[in-house]
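Here the structure is laid out as structure tokens; the discussion comes afterwards.
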Amino acid sequence: LMLRTYHDGYKDFGPVSLFNLSEDPHEQHDLSGSRSDVVDHASRLLEDWRSAMAIRSDSDVDPLVTVIREGGPFHCLGELPAYLERLRRTGRTDAAAALEQRHPAPPPRRKSLN
Numbered sequence: 080l081m082l083r084t085y086h087d088g089y090k091d092f093g094p095v096s097l098f099n100l101s102e103d104p105h106e107q108h109d110l111s112g113s114r115s116d117v118v119d120h121a122s123r124l125l126e127d128w129r130s131a132m133a134i135r136s137d138s139d140v141d142p143l144v145t146v147i148r149e150g151g152p153f154h155c156l157g158e159l160p161a162y163l164e165r166l167r168r169t170g171r172t173d174a175a176a177a178l179e180q181r182h183p184a185p186p187p188r189r190k191s192l193n
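In my numbering, the protein residues as written are 80 to 193.
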């Protein structure tokens, strides 16, 4: 299983992860660093699929691109400062520092749905 992450949702995910589900069903050992051949092949398959779907779609807009342009998944919008503070307050300063490095400028706070 190869995963391509466009926004990490404030989780510790890299841009690409690769798992052998037969030997590692709980996805604990990322093989992307040692199996670039599989990552390259899977990336081509994913891009071929995305291209085919774009051609077949009735819309000119890819919803995934819209989400990324808006700042990522809805549950993340504007929540980074509070999450960083929570990580620091609960003794996870290393995780906060890593997250802050991956997301240097927090997106604007989401608007109320009311």
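Quick reminder that beta carbons are idealized off the backbone N, C-alpha and C, glycines included. Model, not experiment: these values are computed from the prediction.
Task: Nearest-angstrom beta carbon gap, Val-95 and Leu-82 [assumed within contact, 8 Å] - done: The count along the sequence shown starts at 1 and reaches residue 82 at position 3. The count along the sequence shown starts at 1 and reaches residue 95 at position 16. That pair is a contact at about 7 Å.
- [ ] Give the DSSP-derived three-state secondary structure of Val-95 in the structure shown.
- [x] Taking the first residue of the sequence shown as position 1, residue 95 is located at position 16. Strand at Val-95.
Task: Limits of the alpha helix (DSSP H) - the one that Arg-165 falls within - done: Against the sequence shown, residue 165 aligns to sequence position 86. It spans 159-168 - the alpha helix (DSSP H) in which Arg-165 sits, taken as one unbroken run.
Task: C-beta contact flag for Leu-159 and Tyr-89 at 8 Å - done: Along the sequence shown, read from residue 1 onward, the residue named residue 159 stands at position 80. Along the sequence shown, read from residue 1 onward, the residue named residue 89 stands at position 10. Cβ atoms of Leu-159 and Tyr-89: closer than 8 Å.
Open item on the list: Using DSSP's beta-bridge definition, name the partner residues of Arg-83.
Closed with: Mapped onto the sequence shown, residue 83 falls at position 4. DSSP lists Val-95 as partners of Arg-83.
Task: Inter-residue Cα distance where the pair is Val-146 and Gly-93 - done: For this step, residue 146 is matched to residue 67 along the sequence shown. For this step, residue 93 is matched to residue 14 along the sequence shown. So the alpha carbons of these two residues sit roughly 18 Å apart.
- [ ] Using alpha carbons as the reference points, say which of Arg-114, Glu-149, Leu-80 and Arg-123 lies closest to His-105.
- [x] Stepping through the sequence shown from its first residue, residue 105 is reached at position 26. Here the closest residue by C-alpha is Leu-80.
TODO: Go ahead and label Ala-125 buried or exposed: buried means 16 or more other beta carbons lie within 10 angstroms of its beta carbon, across all protein chains shown.
DONE: Position 46 of the sequence shown, counting from 1, holds the residue named residue 125. A quick correction: the sequence has Leu, not Ala, at residue 125. Exposed, because fewer than 16 other Cβ atoms sit within 10 Å of the Cβ of Leu-125.
Task: Under the three-state DSSP convention, the category Leu-100 falls into - done: The sequence position of residue 100 within the sequence shown is 21, counting from 1. If DSSP states are grouped into helix, strand and coil, Leu-100 belongs with coil.
Open item on the list: Would His-86 and Pro-152 qualify as a contact pair, given that the criterion is a beta-carbon distance under 8 Å?
Closed with: If you number the sequence shown from 1, residue 86 lands on position 7. If you number the sequence shown from 1, residue 152 lands on position 73. Their beta carbons are under 8 Å apart, which means His-86 touches Pro-152 by this criterion.
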